[in-house]
Each structure stands twice: as structure tokens, then as C-alpha cells.
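Novice: Sharing a structure with you now.
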Amino acid sequence: MKLRPKVDETGHIKWGLVAPLFGVFIVFIGFIGQYAVMGSDVQNIVEDVDVLDNRVYSVEKVQAVYEKDIEYIKQDIKDIKETISKFDGKLDKLIAK
């Protein structure tokens with residue numbers, strides 16, 4: 005049995021349900037493709053959020069380290085001021101010589 009398209013009296017092909025079903029199939033494939041692309045976009049957004057979260061965590065860690073460094077520097081400045089105040093009179097005598 006040979007598969008031949010149905011033809012009307014004028015010789016034109018009678019499509020019947022083939023064309024509408026083919027159109028529905030194409031639209032269905034389009035929706036699947038759209039959701040596949042959206043899924044990959046969502047995955048990319050999730051990965052970007054993870055990267056940004058890690059950066060924020062890193063910045064917070066660095067900020068904590070800098071805050072400790074600032075405290076140490078303030079303590080060093082206090083120690084230097086105390087040392088200068090101890091030798092204040094003696095330094096004037098040494099400078100005068």
C-alpha cells in the first residue's frame with residue numbers, strides 16, 4: 005500500500021487534520037523550548053545569587069579582620085602616647101643638648 009496524499013478534483017492536496025496538528029506540534033515544541041530556556045535562566049540566576057552570597061560573606065570576614073586591625077592600631081597609638089608622655093621632659097633635655 006502506497007501512502008499518497010488525498011487530492012481534490014482540482015489537484016490540490018487535501019490536508020485535513022495534518023496541517024493543524026503539525027501547527028500544534030510546532031507550538032508545543034516552542035513552549036518546551038521556552039521553558040527549557042527559562043529553566044537555564046533560573047539556574048544561572050541561582051548560581052549568580054550563590055556567588056554574590058559568597059562575596060558578601062567574604063566581605064564580612066574581611067571587614068571583621070580590618071575592624072580588629074583598627075582596634076590594634078588604636079591600642080598602639082595609646083601605647084605610643086603613653087610612652088611619649090613618660091619621656092616628655094627627658095626628650096626636651098636631650099633635644100636641647
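First residue of the sequence shown: 5, per my numbering; consecutive thereafter.
No residue lacks a Cβ here, since even glycine has one placed at the ideal position from N, Cα and C.
The structure displayed is predicted, hence computed values, not measured ones.
Suppose contacts are defined by Cβ-Cβ distances below 8 Å. Is Val28 in contact with Lys18 by that definition?
Specialist: Contact flag unset, no.
Novice: Going by the DSSP bridge assignment, what does Ile17 pair with across the sheet?
Specialist: Val11
Novice: At the level of alpha carbons, what is the spacing between Lys65 and Ser89?
Specialist: 37 Å
Novice: Measure the alpha-carbon distance for Ile74 versus Lys97 and round it to whole angstroms.
Specialist: CA-CA distance, Ile74 to Lys97, rounds to 34 Å.
Novice: Quick check on Phe91: does DSSP put it in helix, strand or coil?
Specialist: coil
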